[in-house]
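Per my numbering, residue 69 is the first one in the sequence shown, and the count goes up by one each step. One structure is given here, and the rest of the page talks about it.
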Amino acid sequence: MKMNRWMEALLAAGLVCAAATASAQVKIGVTLSATGPAASLGIPEKNTIALLPKEIAGKSVQYIVLDDASDTSRAVQNVRKLIDEDHVDAIIGSSVTPNSLAMLDPVSQGKTPTISLAASAQIIAPMDAKRAWMFKVPQNDQLMADAIAGYMAKHGVKTVGFIGFADAYGDSWYKTFDAAAAKNGLKLVSSERYNRTDASVMGQVLKLLGSNPDAVLIAGSGTPAALPAKTLKERGYKGKVYQTHGVANNDFLRVCGKDCEGEILPAGPVLVTDQLPDSNPVKKPALGYKAAYEKAYGAGSLSTFGGHAWDAGLLLQRAIPDALKKGQPGTEAFREALRASLESVKDLPVSHGVINMTATDHNGFDTRARVMVQIVDGKWKLQAE
Numbered sequence: 069m070k071m072n073r074w075m076e077a078l079l080a081a082g083l084v085c086a087a088a089t090a091s092a093q094v095k096i097g098v099t100l101s102a103t104g105p106a107a108s109l110g111i112p113e114k115n116t117i118a119l120l121p122k123e124i125a126g127k128s129v130q131y132i133v134l135d136d137a138s139d140t141s142r143a144v145q146n147v148r149k150l151i152d153e154d155h156v157d158a159i160i161g162s163s164v165t166p167n168s169l170a171m172l173d174p175v176s177q178g179k180t181p182t183i184s185l186a187a188s189a190q191i192i193a194p195m196d197a198k199r200a201w202m203f204k205v206p207q208n209d210q211l212m213a214d215a216i217a218g219y220m221a222k223h224g225v226k227t228v229g230f231i232g233f234a235d236a237y238g239d240s241w242y243k244t245f246d247a248a249a250a251k252n253g254l255k256l257v258s259s260e261r262y263n264r265t266d267a268s269v270m271g272q273v274l275k276l277l278g279s280n281p282d283a284v285l286i287a288g289s290g291t292p293a294a295l296p297a298k299t300l301k302e303r304g305y306k307g308k309v310y311q312t313h314g315v316a317n318n319d320f321l322r323v324c325g326k327d328c329e330g331e332i333l334p335a336g337p338v339l340v341t342d343q344l345p346d347s348n349p350v351k352k353p354a355l356g357y358k359a360a361y362e363k364a365y366g367a368g369s370l371s372t373f374g375g376h377a378w379d380a381g382l383l384l385q386r387a388i389p390d391a392l393k394k395g396q397p398g399t400e401a402f403r404e405a406l407r408a409s410l411e412s413v414k415d416l417p418v419s420h421g422v423i424n425m426t427a428t429d430h431n432g433f434d435t436r437a438r439v440m441v442q443i444v445d446g447k448w449k450l451q452a453e
């Protein structure tokens, strides 16, 4: 009799412990490129993670932040640690496309919903079993490439030279812009590549100039995208220079300086929050992010890349309460419910646009997620598309 009571007590204690484990705080793993060539993206993202809520739907939230040093192998190592050792419920990251693509295998194997802060549509498309666990908040390349090509055509550009990173980011942009250019009657007359860590692109720029393009598109991100722009200026190029949304931060302006004056690019609306009309549905959440970030880090410190981390936080704040109805943190049931909840997010205004996810679209942005801007007197100025 005593033995039976002892066994019942032991079983009850075990059930209590199991319940306590299942009901533990929500754990969000984060892997960002806070050092290395992509640091100008990763630093504001890391800064923003510190501003995200520590409680959602009555559950405390822990953010476990790791630096992948802009390195693909390190990003994969970080993801495996977050899943296997820290047992996170979701992951935010990484900052760049190559790292995020490399994360697809461990993320899907660990059945852990992940929100990438990198741009390429390849991260989430075409949809398959791996990408079912991956979401992303930066705008797709296609959305931005269409904006650039359309703007070029409206402003008399006929021929375009292309120079981009020699990696998945540059490859994706070339393929995407080539299609957008064709739709808008533009001709690509040259294509060059360079590495993020290169100290010179003189050879590539001389080849670009040899094709005499009306405009040049630089498909880079962060401060390394300044190198072709500065070299084009040095060699006396007189045509228009366009950048991608990968340079939309003040660190790029600082590094490129006067050499980037007049350059044009698409960006998330948060970059020019104060210039948006009050009727824009993005203005309110964008102003909210700007106020929070600049209160913590100083006036003028706002970064569109930090905005991606903020938007990932808004997605989780929308999705976690619903997922909690179907499972508890620390369990596979909760992770599966969170994935399904993220996929069902509708009409969510964030700092970069309005998100409407579907089973086949894990980005959910439309044209409200882009504006055209020009660098004027060292500042971002909103342009009419």
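Every residue gets a Cβ at the ideal spot worked out from N, C-alpha and C, and that includes glycine.
At 4 residues or longer, what runs of the alpha helix (DSSP H) sit wholly inside the stretch 137-185?
140-152, 165-170, 172-177
Rounded to the nearest angstrom, how far is the Cβ of S289 from that of V315, given a contact under 8 Å?
6 Å
Indicate the three-state DSSP secondary structure (helix, strand or coil) for A362 in the structure shown.
It should be pointed out that residue 362 corresponds to Glu in this sequence rather than to Ala. Reduced to three states, the DSSP call for E362 is helix.
Cβ pair I96, L384 closer than 9 Å
yes
Beta-carbon separation (whole angstroms), L333 vs T299, contact threshold 8 Å:
Actually they are not in contact, since the Cβ atoms of L333 and T299 sit about 18 Å apart, beyond 8 Å.
Measure the C-alpha to C-alpha separation of A364 and R407 and round it to an integer number of angstroms.
31 Å
If we count the other Cβ atoms within 10 Å of its Cβ and call it buried at 16 or more, is T435 buried or exposed?
exposed
Which of helix, strand or coil does DSSP assign to G126?
coil
Just tell me which of K127, V350, K447, V413 has its CA closest to the CA of S419.
V350
Segment limits, alpha helix (DSSP H) that includes L274
270-278
Residue range of the alpha helix (DSSP H) that includes P389
372-391
What does DSSP give as the partner residues of S258 in its beta bridges?
G229
For the beta strand (DSSP E) containing G432, list its first residue and its last residue.
It is not in any beta strand (DSSP E) - G432 carries neither H nor E in the DSSP assignment.
For H430, count neighbouring C-beta atoms within 10 Å of its own C-beta (all shown protein chains included) and say buried if the count is 16 or more, exposed if not.
buried
At which residues does the alpha helix (DSSP H) containing G238 begin and terminate?
236-251
Taking DSSP's pairing of strands, which residues face I423 in a bridge?
L416
If you measure between the beta carbons of N115 and Y357, is that distance less than 9 Å?
no
Own chain partners of V257 with C-beta closer than 8 Å, once the 5 adjacent residues on each side are dropped
T227, V228, G229, S279, N280, P281
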